[in-house]
Each structure stands twice: as C-alpha cells, then as structure tokens.
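Chemist: Take this structure, written in structure tokens, and hold onto it; I'll ask about it next.
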Amino acid sequence: MHIKSVLRVLALIQLLVGVCMLVPFALAFYYDEGEAVDAFAVTEGAIVLFAFFILIATRKEKTTIKARDSYLLVTLVWVVATAFGALPLYLTHTFETYPSCYFEIMSGFTTTGATALSSIEDKMKSILFWRGMTNWLGGMGIVVLFVALIPFIGLKGTSLVNAESVGPTKDKLTPKIQHTAFALWAIYTFFSFVQVLLLWIEIPLYDAVTVMFGTMGAAGFSAKNSSIGSYHSAYVDWIVTIFMIIAGSNFSLYFKAIRGHVKEATKDKELRLYLFIITVFTLLITFDVIDTYGGFMTALRYAAFHVASIITTTGFATYDYNFWPQFSKTLLVLLFFVGGCAGSAGGGIKVTRVGAMISLAKNAIKKRLHPNAVIPLKLGDANIDQSTMLSLAGFVGAYILSGLIGTVIFSLSGYDFETCFTASFLLLGNIGIGMGDVGPSGNFSIFSDWILSAGSFLMLIGRLELFTVFALFTRNFWKK
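Numbering of the sequence shown is given in this note's numbering, commencing with residue -8 and proceeding in unit increments.
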C-alpha cells in the first residue's frame, strides 16, 4: 500500500476541486452575497492549506498508484471533497448542522439529487450554483476529470478510472487512458453546452445552467422549490427529457459515432434494451394517466419525463406522481432497480446487469428442461463467461442486501415502509426522489442527522459501485 502516494494525489485532486469552486466564488461577488464570499474564501483557504501540508510532507515520494491503492484513493477523494464542499453551506447557515450540509453535497457529488432543504429559492444563488455544480462534476467523475487534465505527474490513471467509473464495463476508447478521460469529458461538456443554449431560449441563463447541471449529471438538483415543474413549460420538459436520456446512455457510444462507427453504436444491445424499457414504460404510464391530464400528448409528456428521470436516476420532477394510479407508481418503483447504461452519468444497477440477469434466468429455465445441454450465457450476441456472470450476480445481491439494510436503518425514524424503502434504494441507486414522504413533494429534512449520515454512506457506496468501498472493510485489503 502506497499511502504517501495516495495522500499526494488526494491533495492534488482537492486543489482541482478548489479551482472549480472559484466559479461560484466569483458568482458570490457578482450577486453581492457577502456571507457566501467569506464562506468560499475560508473554504478555498482550507483546501490550499490541506494540500500544501500534504504535498510538503510527501515531496520526496515518487507517485505510484496500484490497483489496490486506487480503491482507497477514490473513496477518500469523494469523502474529502464532500467534506470541503459542504463548508460553504455550513458557513452560510444554509443548514443548521454540518451532517445535513455533508448529506447535501454528497448527494451532489454522487449525482443523487436527494435534498434535505425544506425550501430552496430563498437560499443564496452562489450557494445553489455550487450545489448544482457538484452534480455536474460528479456526473462524469472527479477522478476522471483529474486524469484528463493532469497527466503530467506521470501517473497511469487506468486503475483510478476503473475504480470510479460507473457500470460493469469501462471501455478504453484510445490507447492512452488520459486521452480516453479527456474524450469523455469533452463529449460531456459539448452536450452540456448544447443543452444550456436550448434552455436559454425559454428560461434565464442562470436557470438554464443549473438545470443543465442536474440533467447532464443525471442528478436532479434544482434551484427551484418545485424542480422542473416550476417552469410550467412543455418545451423545457421535453428538452430536459431528451438530455436525461442522453446522459443515461453509454458515452463511449457517442465517441464511436463521432469516429464514424455509427452502425456499431446504434446496434449496441444495452442501448437498445435501455430505449426499449423507456418506450414501453412510457406508453404504459401514458395510457394509465391519460384521464388525469385530459389528453394523450400531455400524458405522454409527463410520463416520458418521469420515466426518463427515474431510469437515468436523475430525480427531476414536474408533477407529484404520488397522485398517479397505483399501476403507474409501481412501474416507477420497478425502474428504481434498473438505472442507466454502463459508462453513463446514471446510477442504479445498470441496464447491462439487468439484461444479464434476464439472460441468466432464461438459461436456468433451459437447463432445467435440458440438463445435459451446453447452453452459453448470452447478452445480445455476446457470450458472457461464468466469472463475469458470478461477478454481476454478486453485485446485484450485494446491492439488494445493502438497500434492505438501509431500509431497516431508515425505519428507525418511525416513518412508513414506503418512505423508508424508497428512501434507502433511491440513495443507493443515486436516484434522488422516491415515494411517500420522500416523493416529489417531500425531502430528506424529515430525518435526523445520524440517519442522514447513514444516507451519505449509502450514496457513496452506490456511486462507487459498492465493492470499491466495501473492499476497504476487508482484512485482505490491508495485508501487505
């Protein structure tokens, strides 16, 4: 274990987070928010001091990060970045307690979008901008951004990208991982810019940027109390819906399309399953709620928006679906267990794992009928080897068990099962909104600080795909 190397890279990444924080710092000056200016100044100073002492202490260390080191580093990056990122909220009294601030920023960086703010629009604009910006930074990954922008320290970033990236596959799009990371962030930034321009036609620039943060990060933080529903605009709803679906797709496919391999990208089995699920669930909900909205197109608009919001784990809302028929609500809960595509900004179990589990079930039925047959496991046209399938099954099992343990913890709050169950799984899946008291009209301000702290841990392990964090709690990890 190369602890000094881990601390050294950790310090450098925190400096990168500090550089990003200069944007809301400047906005605090622009909006003449004196308290926020002081808060960002103190936070920037704390980050610089933290980094300075670590870099001085490790100045003679040759930076070496192995696969095992990457698990510790990536976990520490998210924990420490959240600790510093929460300071502006705490120093501006956005929340009364630090655990609430920590929960809010962990929700931002992990692209969960769950909030403990009972009221949003009365908060300072620079603070809300920083809160939203954490969504965008977390969408493609803080460590991936570091690998893309700071290759000069001679660090091979493959293990870091693999430890942080979401999904069971991490395509190396170019021979060098730094170029891959840069390509992913370039595509991500391009889509972000396009969405801002399209939204700016209808809403103010500040709103367009903050909505983009939540959309492209598949996160869902909004600067409005009623989320996207505050705009009462079909145009905004459809733009956000389209870009949520874009953000929930595998970004490596966009890279392939840019390189001229459009047919290969469009034939991707996971993408097709993802779009199929969205289409089917949208139509089912549309016909179920058509009487609620008095017309097909309006029902389609609301159904498509919320299906995209849940499956991509964005967590935006335009309507309180707690008032929808039970059938539609049940379909949305099922989407909690799907998530976006591998290599996307979305969270959850991932479409490719769901497809693999379906393939495993079909294979088990065939084996029951033909015990002596040799039946390969397939996902689309690709064969899945036994070790990969065991890994996928292990992840799904650990995911469900973690969510159930979280449900038990939330039940200690005394709230009903629907609230506690969806609260646990929406945090673990980085979804943001659930049912009951944590639905579109509710938030996490109803829970105590210690439950919010447990919720922060659920968001962390969900964003880092469980095993990156769980590995740290095993005896073998710390053996020499």
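All C-beta atoms, glycine included, are put in the ideal place defined by N, C-alpha and C.
Please report how far the alpha carbon of Tyr22 lies from the alpha carbon of Phe16, in whole angstroms.
Modeler: In the sequence shown, the residue the question calls residue 22 occupies position 31. In the sequence shown, the residue the question calls residue 16 occupies position 25. If I take the Cα positions, the gap works out to 10 Å.
Chemist: Excluding the 5 residues flanking Leu196 on each side, which residues of the same chain have their C-beta closer than 8 Å to its C-beta?
Modeler: Taking the first residue of the sequence shown as position 1, residue 196 is located at position 205. Cβ neighbours of Leu196 beyond the five flanking positions: Val187.
Chemist: For a test of the three-state rule: what should DSSP assign to Asn421, helix, strand or coil?
Modeler: The residue given as residue 421 occupies position 430 in the sequence shown. Coil.
Chemist: Which value, in whole angstroms, describes the spacing of the CA atoms of Met235 and Asp440?
Modeler: As a working note, residue 235 is residue 244 in the sequence shown. As a working note, residue 440 is residue 449 in the sequence shown. Approximately 31 Å, taken between the alpha carbons.
Chemist: Using 8 Å for Cβ pairs, my map puts Met115 next to Thr83. What's the rounded Cβ distance?
Modeler: Stepping through the sequence shown from its first residue, residue 115 is reached at position 124. Stepping through the sequence shown from its first residue, residue 83 is reached at position 92. At roughly 6 Å, the Cβ-Cβ gap stays under 8 Å, so Met115 and Thr83 are in contact.
Chemist: Spatial neighbours of Ala2 within its chain, please: C-beta separation below 6 Å, excluding the five flanking residues on both sides.
Modeler: Translated into positions along the sequence shown, residue 2 becomes position 11. The answer, listed in chain order, is Ala42, Ile45 and Leu46.
Chemist: Looking at C-alpha atoms only, which residue of Ala174, Ser378 and Val345 is the closest neighbour of Gly330?
Modeler: Within the sequence shown, residue 330 is the residue found at index 339, counting from 1. Nearest C-alpha to Gly330: Val345.
Chemist: Could you check if Asn467 is buried or exposed, using at least 16 other CB atoms within 10 Å of its CB as the buried criterion?
Modeler: Locating residue 467 in the sequence shown gives position 476, where the first residue counts as 1. Burial call: exposed.
Chemist: Looking at the secondary structure, which residues open and close the alpha helix (DSSP H) in which His84 lies?
Modeler: By one-based count along the sequence shown, residue 84 stands at place 93. His84 -> no alpha helix (DSSP H), and no H or E assigned at all.
Chemist: Note the first and the last residue of the continuous alpha helix (DSSP H) segment covering Val329.
Modeler: Residue mapping note: residue 329 aligns to position 338 of the sequence shown, counting from 1. Where Val329 is concerned, there is no enclosing alpha helix (DSSP H), given that its DSSP letter is neither H nor E.
Chemist: Whose CA, out of Ala210, Phe246 and Thr289, lies closest to the CA of His170?
Modeler: By one-based count along the sequence shown, residue 170 stands at place 179. His170 has its Cα closest to that of Phe246, out of Ala210, Phe246 and Thr289.
Chemist: Should Phe75 and Ala37 be called a contact, given that it needs their Cβ atoms to be closer than 8 Å?
Modeler: The residue you call residue 75 lines up with position 84 of the sequence shown. The residue you call residue 37 lines up with position 46 of the sequence shown. Yes, these two residues count as a Cβ contact at 8 Å.
Chemist: Ignoring anything shorter than 4 residues, give me the alpha helix (DSSP H) runs that lie fully in the stretch 82 to 118, in order along the chain.
Modeler: Fully enclosed alpha helix (DSSP H) runs of 4 or longer: 89 to 100.
Chemist: Span of the alpha helix (DSSP H) holding Arg359?
Modeler: The residue given as residue 359 occupies position 368 in the sequence shown. Run containing Arg359: Val342 to Leu360, per the alpha helix (DSSP H) assignment.
Chemist: How about the stretch 418 to 429 and the stretch 292 to 311: do they share at least three Cβ pairs that are nearer than 8 Å?
Modeler: These segments touch.
Chemist: Any idea if Val429 is buried or exposed, counting beta-carbon neighbours within 10 angstroms, 16 or more meaning buried?
Modeler: For the purposes of this step, residue 429 is identified with residue 438 of the sequence shown, where counting begins at 1. So Val429 counts as buried.
Chemist: Let me check understanding here. Comparing Cα to Cα, which of Thr398, Ser432, Ile276 and Glu456 lies closest to Ser110?
Modeler: Looking up residue 110 in the sequence shown gives position 119. Ser110 has its Cα closest to that of Ser432, out of Thr398, Ser432, Ile276 and Glu456.
Chemist: With Asp440 as the anchor, note down where its alpha helix (DSSP H) starts and where it stops.
Modeler: Position 449 of the sequence shown, counted from the first residue, corresponds to residue 440. Asp440 -> alpha helix (DSSP H) spans Asp440 to Arg454.
Chemist: Can you tell me the Cβ-Cβ gap for Leu443 and Thr66, rounded? I've got them flagged as a contact below 8 Å.
Modeler: Start at 1 with the first residue of the sequence shown, and residue 443 comes out as number 452. Start at 1 with the first residue of the sequence shown, and residue 66 comes out as number 75. That belief does not hold up - the Cβ atoms of Leu443 and Thr66 are roughly 19 Å apart, past 8 Å.
Chemist: Just to confirm, are Leu457 and Ser402 a CB contact at a threshold of 8 Å?
Modeler: The count along the sequence shown starts at 1 and reaches residue 457 at position 466. The count along the sequence shown starts at 1 and reaches residue 402 at position 411. In this structure, Ser402 does not lie closer than 8 Å to Leu457 by Cβ.
Chemist: Please classify Phe267: does DSSP put it in a helix, a strand, or coil?
Modeler: Taking the sequence shown and counting its residues from 1, the one referred to as residue 267 is at position 276. It is helical.
Chemist: Classify Gln317: buried if its beta carbon has 16 or more other beta carbons within 10 angstroms, exposed otherwise.
Modeler: Working through the sequence shown from its first residue, we reach residue 317 at position 326. Per the 10 Å Cβ criterion, exposed.
Chemist: Buried or exposed: where does Val8 fall if 16 or more other Cβ atoms within 10 Å of its Cβ makes it buried?
Modeler: Here residue 8 refers to the residue found at position 17 when the sequence shown is read from its first residue. That one is buried.
Chemist: So is Gly286 buried or exposed if we call it buried at 16+ other beta carbons inside 10 Å?
Modeler: Within the sequence shown, numbered from 1, the residue matching residue 286 stands at position 295. By the neighbour-count rule (16 or more Cβ atoms within 10 Å), Gly286 is not buried but exposed.
Chemist: Do you know whose CA, among Phe408, Leu266, Asp60 and Leu418, lies nearest Gly339's CA?
Modeler: On the sequence shown, position 348 is the one that residue 339 refers to. For the residues Phe408, Leu266, Asp60 and Leu418, the minimum Cα distance to Gly339 belongs to Leu418.
Chemist: When burial is assigned at 16 or more other CB atoms within 10 Å of the CB, is Tyr226 buried or exposed?
Modeler: By one-based count along the sequence shown, residue 226 stands at place 235. Tyr226 comes out exposed.
Chemist: Below 8 Å, can you find three or more Cβ-Cβ pairs linking the stretch 175 to 185 to the stretch 85 to 104?
Modeler: The answer is no - the stretch 85 to 104 does not touch the stretch 175 to 185, with fewer than three Cβ pairs under 8 Å.
Chemist: Within 10 angstroms of its Cβ, does Val298 collect 16 or more other Cβ (buried), or is it exposed?
Modeler: Here residue 298 is taken as the residue at index 307 of the sequence shown, counted from 1. That one is buried.
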